[in-house]
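Asks:
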Ligand SMILES: Nc1ncnc2c1ncn2[C@@H]1O[C@H](COP(=O)(O)OP(=O)(O)O)[C@@H](O)[C@H]1O
Ligand SMILES: Nc1ncnc2c1ncn2[C@@H]1O[C@H](COP(=O)(O)OP(=O)(O)O)[C@@H](O)[C@H]1O
Ligand SMILES: Nc1ncnc2c1ncn2[C@@H]1O[C@H](COP(=O)(O)OP(=O)(O)O)[C@@H](O)[C@H]1O
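Chains as they are written, first to last, in this note's numbering: chain A, 1 to 125; chain B, 1 to 125; chain C, 1 to 125; chain D, 1 to 397; chain E, 1 to 397; chain F, 1 to 397.
1) Quick one: list the residues of chain F neighbouring residue 44 of chain C, beta-carbon separation under 8 Å, in chain order.
2) Give a single yes or no on whether residue 57 of chain A has its beta carbon closer than 8 Å to a heavy atom of ligand 1.
3) Does the beta-carbon of residue 319 of chain E, which I'm using as the reference point, lie nearer than 8 Å to any heavy atom of ligand 3?
4) Please say whether residue 47 of chain F and residue 199 of chain F have beta carbons closer to each other than 9 Å?
5) Do residue 161 of chain E and residue 8 of chain E have their beta-carbon atoms positioned less than 9 Å apart in this structure?
6) How about residue 271 of chain D and residue 319 of chain D: are their beta carbons less than 9 Å apart?
7) Identify the contact partners of residue 196 of chain F in chain G, using a Cβ-Cβ distance below 7 Å as the criterion.
8) Could you tell me whether any non-hydrogen atom of ligand 5 is closer than 8 Å to the CB of residue 119 of chain F?
9) Could you name the residues of the same chain whose beta carbon sits closer than 6 Å to that of residue 141 of chain F, not counting the 5 residues immediately before and after it, in chain order?
10) What are the residues that DSSP puts in a beta bridge with residue 61 of chain B?
11) Quick one: grab the DSSP three-state call for residue 68 of chain F.
12) Is any beta-carbon of chain C found at less than 9 Å from that of residue 383 of chain F?
13) Given 8 Å as the limit, is there contact between the stretch 120 to 136 of chain F and the stretch 16 to 34 of chain F, that is, 3 or more CB pairs closer than that?
14) Since residue 45 of chain B is in the beta strand (DSSP E), which residue starts that stretch and which ends it?
15) Taking only the alpha-carbon atoms, compute the straight-line gap between residue 392 of chain F and residue 46 of chain B and give it to the nearest angstrom.
16) Report the rounded CA-to-CA distance for residue 59 of chain B versus residue 176 of chain E, giving the unit in angstroms.
17) Using a Cβ cut-off of 9 Å (strictly closer), state whether residue 52 of chain A contacts chain B.
18) Just the C-alpha distance for residue 217 of chain E and residue 137 of chain F, rounded to the nearest angstrom, thanks.
19) Residue 52 of chain E: which of F:230, F:150, F:57 and F:346 sits nearest, CA to CA?
20) Please compile the residues from chain D whose C-beta is within a distance smaller than 7 Å of the C-beta of residue 37 of chain B.
21) Tell me which residue opens and which closes the alpha helix (DSSP H) that residue 19 of chain F is part of.
22) Does chain C have any CB closer than 9 Å to the CB of residue 201 of chain D?
23) When you measure from the CB of residue 43 of chain C to every non-hydrogen atom of ligand 3, does any distance come out below 8 Å?
24) Would you kindly work out how many angstroms separate the C-alpha atoms of residue 96 of chain F and residue 110 of chain F, rounded to a whole number?
25) Using a C-beta to C-beta distance shorter than 7 Å, which residues of chain D count as neighbours of residue 12 of chain B?
26) Fully enclosed by the stretch 131 to 174 of chain E, which alpha helix (DSSP H) runs are 4 residues long or longer?
27) Taking the CB atoms as reference points, tell me whether residue 2 of chain A and residue 113 of chain A lie closer together than 9 Å.
28) In the DSSP assignment, find the unbroken beta strand (DSSP E) run with residue 93 of chain B in it and report its ends.
29) Let me know the alpha helix (DSSP H) ranges lying completely inside the stretch 226 to 295 of chain F, each 4 residues or longer, listed in chain order.
30) Helix, strand or coil, according to DSSP, for residue 54 of chain C in the structure here?
31) Looking at the C-beta of residue 69 of chain C, does it have a partner C-beta in chain F at a distance below 9 Å?
32) Rounded to whole angstroms, what is the Cα-Cα separation between residue 12 of chain F and residue 209 of chain F?
33) Quick one: Cα of residue 283 of chain D to Cα of residue 258 of chain F, how far?
34) Should residue 298 of chain E be flagged as near chain B, meaning a C-beta pair shorter than 9 Å?
35) Check the Cβ-Cβ distances between residue 188 of chain D and every residue of chain B, and say whether any is below 9 Å.
36) Does ligand 3 have a heavy atom nearer than 8 Å to the CB of residue 31 of chain C?
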């Protein structure tokens, strides 16, 4: 019914991704600063005694829970706005979410997920 | 069998939520600093050249893995202790967890989840 | 098909765990700084007016998404390299992941997960 | 006019000014990150507000000789009549004004440690302006004014402000803390410093700046200034060592926050005595001041008083101790040099008078502010943090 | 040679040197964390490059009397002929060289606020070297040189560098900002300061260091130096208070970043006037400088110009204001003391000349650098951050 | 007694004191966040312990003339007999004591860079106390004592502590690093600085403070002090520029950490020569010191020695280089001014003697401490971090 989308993106892409999602009416999301390691070997930094490799790079983990029917659109938006074409662009993981509770109201499930003006709301119009 | 509960709460509520859970015998949990975006549009800050909007607010992501039968109680405790009634209170997501491993002992599954004095232990008494 | 492994480990073990995983050909992973609370009650710090207890300890959350058939090996590697035998070693959670997308290429599923030289690649040889 | 003396007091003015960002960071490191800008700003605004007031009429109230033993006249408002050629001792009067002005700017800022993380900024700004006028200026006049009833009159010794600065600030802090509500979470001990390195930086710069504070109070570049600097350094060092030992014994490990607190306490304690006692006495005074403040902190805390950054314990108690010890160790008049108990008695009753006066005025100011604007922000504002709720700013991003 | 004067100018040299890390942190706090090292380094490298150039030939160009009214000779290259016994007024010439050298080191660094977060380091280093030689040294000679056509010739008053330092830097900053591309995200207002406490620390140390900047410019430890210090402190305080009020009224809350910006603006404005005006005038000048820069910032921002850290508004505009106000308030020649409009007129046309000259040279330098090396890094480098892309370093971990 | 000289040395005392928090932050920025308080504290405790020891008997051992060429007498213990009227040259003896005391306080702190992130605090505190007494005080006496066999006797030139401060500290650091175990992870190159801005702040304040260190060593406000300040500034600037070029060539980008390291190396190198050489020679010395330390760092690192913050390379090597170069460039006795090789020879053997002596004592101290208390914490304590394991504190939250 709901899916959790975790995207690991370049920090400098955060603004673009957020913009793309919001334009599409996807509002709820959370950003976490992480250090990532992947296909990209790492990067060379320079210290006092010369260069050294850093193999943990700064990445932003973007977590969005959406209704199942919005997964594809969301993933596509993220993938397109976050890609540069170079190693290190990151990955997106999709996993199941069983229920959603809105803290303010205690509402559960689909009700807790709907925003006025969000992607579903727009579709209906 | 296990569920993962991810709650995005206001930072100033962290202490209250932690207290409520502990009183109920729910001990294992992890807190992450995130920036969130949701129904709440953002907040106005003031810089040198005047006010500007920040649309990413500081939130704490609280992650708790519990046995399935404790989900409802846990969620209720979080929801009640984290709510202020104003936009921005946040959301709780419940997702499936298939297995649990305790690093210290290598134990798996239910065994890895039980604490002496925790919620289940108390129930039995 | 894919599993997400979330391990909460001691910060000082990060390097060892990362090394163990890489030696085995497991490359993709993300690290997040969290504060954790668990069986270990906390630790005593000293302030100006005497000692006080901290009940949230620094932990590293290690998130790795792997193909289902690699879960056991990955979990064992983490568990062994992160354990000290003392309370506070942490836990590992395994949860389902339904799909994986590589941002750079847009590839999905198994294809998005394979690295040349990674654990699966090595097995084939 | 002596150019060497002038040079030294000019620099001392700069050194005391450096103490202000130093104090701001000393305090700022101990609050939570959501209140760091608010805390820094309390000191900065004290500089700004008192800086203006001092020139307008503060200096005149404190140092004009056209008043009486209790308060100066208003003849030097806006520094009327003071020219670059006006002289005060061997230095330009304008320099005396500048140097003394820095004391007036930093003293109210010392109090801020009492109420960080919940003070309503509007109340604060009114408080310091009035406190500067009603407490600082008169007490300064009593002790250092040309015809002050305590200094000139009764012969109280206060080299660089044990009474004028630290006792007034420290005791006012206690009163303020008793009248403003405590911080949420204070009871549960969950308020932890967000950046102790800031506090260490502040303490380090305070240490150096204090050479200007105490040494500059000689108002000359001479042997007394040198004595004051030696004593200042020595007392800070001794108090830091003793504090380290105390925390090591009590808690099993030597606390860094404790060590730098010790250094500051040593600096406070030697302030009234800096130019009056011998270096060996500075060791003794520093070494004894440490336990005085150390146990005061723990006592206040146990009593459940949220005097948040221990201004009373560190400035009030160490200032009181230093003022009394001056009566004991002063080379020219103290007990141990065989001059009898007279100076000690004078020191004692005078600090009681100064302390009570500061507490009384602070009490009235706080009560009035509490009943009108309110001393503290709301609970919710406190939870959000004063940086956002009082200033709409975030310190870090 | 007077040892008191020498002592004071020695210290002033150290105080101005403290202003350089202070400036670096004042600016550094306002950039994003990915650019902090780059920003700090812009100031540090200005110290290094100008420090060497000054001894090589900068001092000679600025202060040798073997040139003409427009530029000094090259006879003092590598300080040839200057010995510890050489005297300049009542202090060693070597000390005059050191003190003036710190001005030459900090002035180009002021400009850096205009183009942080996107400047190409290679271009920057060439720019400041040439700017130091082509703008700073000549203007310094015009105003302060032994036979400078503006100071010695036309009687322009510039106590500590309103024109020489702040107008040259502030107006060059504007030109530079117009010629280099804006930062990505500037339009969307998403560039937020990463560490405002750094900015407060910087401002606090600048405040104290400025006593050396302005007070040391008396080149003696006397009543004028004291006057300069009193005025410096007072103007800073007044401007901080007024800025607080402005931001409180406009935005509902008093901004801490605003308050410290106000203090710096007050310091800038009083610079040309510090030893020439009475303390009451320092209050007025500080109080008026605040709105000048305050509205300048908002105007520049609204015009869509990414003059990133407001060097033009804070240094250029406040420097201009201060230079003109000197013609109004100067005790010995200003308008309000009844000396007619003469000084004001001189001040006016001279700052126009200095401003236009600095802008013209900066324009040419920027254009040439833009066409050759490029002024800004690539978009991608900017996104990654200059610390990594220009220095292969990470500030924090 | 000259008030101008007194003013300048008073301030120099404050400036050297500012160098101590500066040093703490210079070092602290380069360690990991879990060890920042520990690292800062190493310097603070050196201030405290040596501050007390200096007054107790350190000064007497170093400067009393009642001893012999190798060590002073104990007649001035607790500064017995020294009054505000006692004079040393043209300044109060108390001031000489204070100024020299700051040198004794900072020198042991320099060594701490060698063993940060693993030193056992208890061992450290014993080490510095003994090192201060057994190495610093005697060497100080040899070189600067009234009848010291190196300075007064052999005519060694050491203006502000090339041998006394930097060679003793730098060579002791090397020995210490060889005797304490390396940090875990040193081999894998995974130990990265946690806050380079702290290091930049430290370097900036060190730069300014060094004017007091070197300039104050003239013990007068005169042309020699001015010369020392010009040279200090110039050498720092030149070394920073050269280091920038070296790192730019080697690694493709100019390193900010490298640039500020270069500045500090320039400051070290000029220290023994500051008042003896001409400014052009300061450029040469700064420019040459940079590669000396630059390649020393890389060599030591390649040899697998974990001399963690490069004290040997930056202080030892640059100190040695500076001491030798003094024999070459000294205006009154050096090689290039045509005074033959005599001074250079004296410089050479004297620094060898001082270096060997410091190394020998440090070796014995370390061995004894290692066999008793242990030099390093346990592996587990190191992993947890020294802030928690040695002080039960957390720097940030
Ligand atoms: N299997 C994985 N599990 C968790 N995080 C991953 C995984 N693979 C990649 N990541 C995250 O994605 C980031 C980018 O991955 P990387 O392989 O470098 O990108 P690319 O696929 O473009 O080569 C990593 O730094 C890490 O944070
Ligand atoms: N769909 C979502 N996915 C991930 N995080 C979310 C989502 N919706 C909300 N959040 C998190 O919850 C926080 C509060 O959400 P918000 O919508 O502002 O609260 P409210 O429901 O009370 O209006 C957000 O800042 C964000 O961190
Ligand atoms: N149920 C849980 N949900 C989420 N995180 C947990 C849970 N249990 C433990 N953790 C994380 O693991 C860390 C270590 O757990 P702890 O119980 O102290 O270890 P141990 O099992 O070795 O006693 C905690 O600090 C927390 O971050």
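Glycine is no exception: its CB is placed at the ideal position from the N, C-alpha and C atoms.
Replies: According to the data block:
1) What residue 44 of chain C touches in chain F: 392.
2) Yes, the Cβ of residue 57 of chain A comes within 8 Å of a heavy atom of ligand 1.
3) No, the beta carbon of residue 319 of chain E sits no closer than 8 Å to any heavy atom of ligand 3.
4) no
5) No, the pair does not count as a contact, with Cβ atoms beyond the cut-off.
6) For residue 271 of chain D and residue 319 of chain D, yes; Cβs fall inside 9 Å.
7) Within the model displayed, chain G is absent; protein chains A, B, C, D, E and F are what it includes.
8) Absence of ligand 5 from the depicted structure is noted, with ligand 1, ligand 2 and ligand 3 being the only ligands included.
9) 62, 71, 72 and 148
10) According to DSSP, residue 61 of chain B bridges with B:8 and B:32.
11) coil
12) yes
13) no
14) 43 to 47
15) 38 Å
16) Computed Cα separation, rounded: 40 Å.
17) no
18) For residue 217 of chain E and residue 137 of chain F, the distance between alpha carbons rounds to 40 Å.
19) F:230
20) Against chain D, a Cβ distance below 7 Å from residue 37 of chain B picks out nothing, because the smallest value is about 15 Å.
21) For residue 19 of chain F, the enclosing alpha helix (DSSP H) stretches over residues 3 to 28.
22) Closer than 9 Å: no.
23) no
24) 22 Å
25) Under the 7 Å cutoff, chain D gives 383 and 384.
26) The qualifying runs are 137 to 144.
27) yes
28) 91 to 97
29) 256 to 270
30) strand
31) no
32) Each residue's Cα considered, the two are about 8 Å apart.
33) 41 Å
34) yes
35) yes
36) No, Cβ of residue 31 of chain C sits at least 8 Å from all heavy atoms of ligand 3.
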